[in-house]
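Undergrad:
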Amino acid sequence: MAGLSAPSIDDAGLVDLEAVSEGLWLTWADGHRSLFHYVWLRDCCYCSSCGDTYSSKRFVTPLDMPVEPVPAYTHIDKRGDLEIAWQPDDHGSRYAAAWLRRHCYDDQSRRRRFHEPCLWDATIVDDLPAIEFAAAATDEHVRFELYRKLRDTGFVVVRGGPANPGGVEAVAGLIGDLGESAYTRIFDLTPSSPTRTMGNTFNEVPPHTDEAFRYSPPGINVLGCVRPASDGGESILVDGFQAAAQLRADDADAFDLLCRYAQDFNRVHAGSLDQRGRQPMIVLDDRGAVTGIRFHTRAAGPLNLPADVVVPYYAAHRRLCERVFDPANQARFQLEAGDAVLFDNHRVLHARAAFSDPLRHLQICNVARETFHEQLRLLADKLGFGAEADQVLAAGVS
Ligand SMILES: [Fe+2]
Ligand SMILES: [Zn+2]
3 MAGLSAPSID
13 DAGLVDLEAV
23 SEGLWLTWAD
33 GHRSLFHYVW
43 LRDCCYCSSC
53 GDTYSSKRFV
63 TPLDMPVEPV
73 PAYTHIDKRG
83 DLEIAWQPDD
93 HGSRYAAAWL
103 RRHCYDDQSR
113 RRRFHEPCLW
123 DATIVDDLPA
133 IEFAAAATDE
143 HVRFELYRKL
153 RDTGFVVVRG
163 GPANPGGVEA
173 VAGLIGDLGE
183 SAYTRIFDLT
193 PSSPTRTMGN
203 TFNEVPPHTD
213 EAFRYSPPGI
223 NVLGCVRPAS
233 DGGESILVDG
243 FQAAAQLRAD
253 DADAFDLLCR
263 YAQDFNRVHA
273 GSLDQRGRQP
283 MIVLDDRGAV
293 TGIRFHTRAA
303 GPLNLPADVV
313 VPYYAAHRRL
323 CERVFDPANQ
333 ARFQLEAGDA
343 VLFDNHRVLH
353 ARAAFSDPLR
363 HLQICNVARE
373 TFHEQLRLLA
383 DKLGFGAEAD
393 QVLAAGVS
């Protein structure tokens, strides 16, 4: 109904509490019901003497808590907030209903709190997630739309940005300050560069995540186009989370091997660079959800795994490659001068088609993922999207 917004969960007070041996069942005015263990409630007391963890200023440690805190008194006050007097240490705690609701840990509430990525395949080129640079630079709501697209699909195309060399930094600035890479802050991708990488040839470059050999690979890559090739050189992206989900569905044993065992990744330039990492290609969180992908066939070193794992591991890597190299999973598009694509290097693999135009010139730089996620939370809070500020975002590969 126009002019009326749905009641926020923040408006719902507590209406009932039921004490059981391990904790309190709390019920909100909108019917939501959730269990809170006594030890959890006592630990989370945010009174002025306990402090609070959001400001990283907690004044008590677990050793200051009773081993088995038990309430001597529980009460829902007139505002619908919870009061508890604890024994044996005679401590008083008060919890706002909205604060408790924000931290409910029943299965449904936790599921909602974790961000769900939108998986995609080659057909995403029919409706690429895209934003105009000028609008994102001047309008915070447009900038937040950019953040949402980058968060949900793992990439976003920014159209109409600065095409001059170095202009890519202004595009990166939409999400944060530049981070470092194994090379330079802004790396030139052009056949005329003296740097001997695959990116600086005319060749096609197969899908990979950048710098898989580092403990903490670059986070959000920003690839800007100064001058496209007159022939080919299209950018190709693959959703690593989609490829992993396909592998998980089709061959759970192969998926499990790539999660459990580490792959060595190397980049050694004699005398100047010696980066070696050893990590799984697929990283899971404690829920079993994929939070990051490392994939770099050019840098994948000889396996250093138990003898009985070597053959099945190679087979599993091959099965993941089949999905990554499947054209049905590859989004292929051309960046024009002044366009840039921002992509999550812990999720989205990038590749490039071959070309022969010597004047093709792209530039790449990066912003740390945690910087992007921080900017997203700050802007979400500022614009009134508190639930999005509170969402748990994938932590990546490290
Ligand atoms: Fe790359
Ligand atoms: Zn306290």
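Offset between the sequence shown (1-based) and the working numbering: plus 2.
Even glycine gets a Cβ: it sits at the ideal position worked out from N, Cα and C.
(1) Label residue 56 either buried or exposed according to how many other C-beta atoms from any shown protein chain fall within 10 Å of its C-beta, with 16 as the threshold for buried.
(2) Write down the C-beta distance between residue 193 and residue 399 rounded to the nearest angstrom, noting that I regard them as a contact closer than 8 Å.
(3) Between 372, 394, 297, 393, which has its C-alpha nearest residue 181's C-alpha?
(4) Count the C-beta pairs between the region 266-282 and the region 247-258 that are closer than 8 Å, then say yes if the count reaches three, no if not.
(5) Could you tell me whether any non-hydrogen atom of ligand 1 is closer than 8 Å to the CB of residue 117?
(6) Could you spell out where the alpha helix (DSSP H) holding residue 383 opens and where it closes?
(7) Residue 348 and residue 215: beta carbons closer than 9 Å?
(8) Which two residues bound the contiguous beta strand (DSSP E) that contains residue 95?
(9) How long is the line joining the alpha carbons of residue 389 and residue 351, rounded to whole angstroms?
(10) Residue 62: beta carbon under 8 Å from a heavy atom of ligand 1?
(11) Which residues share a DSSP beta bridge with residue 27?
(12) Which complete beta strand (DSSP E) runs does the region 248-311 hold, if anything under 3 residues is left out?
(13) Ligand 1 and residue 326: does any heavy atom of the ligand fall closer than 8 Å to the residue's C-beta?
(14) How long is the line joining the alpha carbons of residue 246 and residue 85, rounded to whole angstroms?
(15) Per DSSP, residue 234 is paired with what?
(16) With a threshold of 8 Å, establish whether the CB of residue 48 neighbours any heavy atom of ligand 2.
(17) From 58, 127, 17, pick the residue whose C-alpha is nearest to that of residue 78; which is it?
(18) Looking at the structure shown, is residue 78 part of a helix, part of a strand, or coil, going by DSSP?
(19) According to the neighbour-count rule (16 or more other Cβ atoms, all chains shown, within 10 Å of its Cβ), is residue 88 buried or exposed?
(20) Around the C-beta of residue 30, are 16 or more other C-beta atoms found within 10 angstroms, so that it is buried, or is it exposed?
(21) How long is the line joining the alpha carbons of residue 309 and residue 265, rounded to whole angstroms?
(22) Based on the DSSP secondary-structure assignment, which residues constitute the bridge partners of residue 170?
(23) Can residue 306 and residue 334 be called in contact, C-beta distance under 9 Å?
(24) Evaluate the contact criterion for the region 45-61 versus the region 94-102: three or more CB pairs, one atom per stretch, below 8 Å.
(25) Straight-line CA distance for residue 169 to residue 365?
(26) How close, in whole Å, do the beta carbons of residue 342 and residue 224 come, if the pair is a contact with beta carbons under 8 Å?
(27) At which residues does the alpha helix (DSSP H) containing residue 190 begin and terminate?
(28) Could you check if residue 95 belongs to the surroundings of ligand 2, using beta carbon to heavy atom distance under 8 Å?
(29) Report the rounded CA-to-CA distance for residue 82 versus residue 103, giving the unit in angstroms.
TA: The relevant details are as follows:
(1) exposed
(2) The pair is not a contact, with the Cβ atoms about 30 Å apart (cut-off 8 Å).
(3) 372
(4) no
(5) no
(6) 371-385
(7) Remark: C-beta atoms of residue 348 and residue 215 do not approach each other more closely than 9 Å.
(8) Counting along the chain, the unbroken beta strand (DSSP E) around residue 95 starts and ends at 94-97.
(9) Per the coordinates, the alpha-carbon of residue 389 lies some 29 Å from the alpha-carbon of residue 351.
(10) no
(11) 20, 37
(12) 265-271, 275-281, 284-286, 292-295
(13) no
(14) 46 Å
(15) 357
(16) yes
(17) Nearest C-alpha to residue 78: 17.
(18) strand
(19) buried
(20) buried
(21) 14 Å
(22) For residue 170, which the question treats as bridged, DSSP gives no partner whatsoever.
(23) With respect to residue 334, residue 306 sits apart: the two C-beta atoms are not nearer than 9 Å.
(24) yes
(25) Cα-Cα distance, rounded: 9 Å.
(26) 6 Å
(27) No alpha helix (DSSP H) holds residue 190; the beta strand (DSSP E) holding it covers 189-191.
(28) yes
(29) 12 Å
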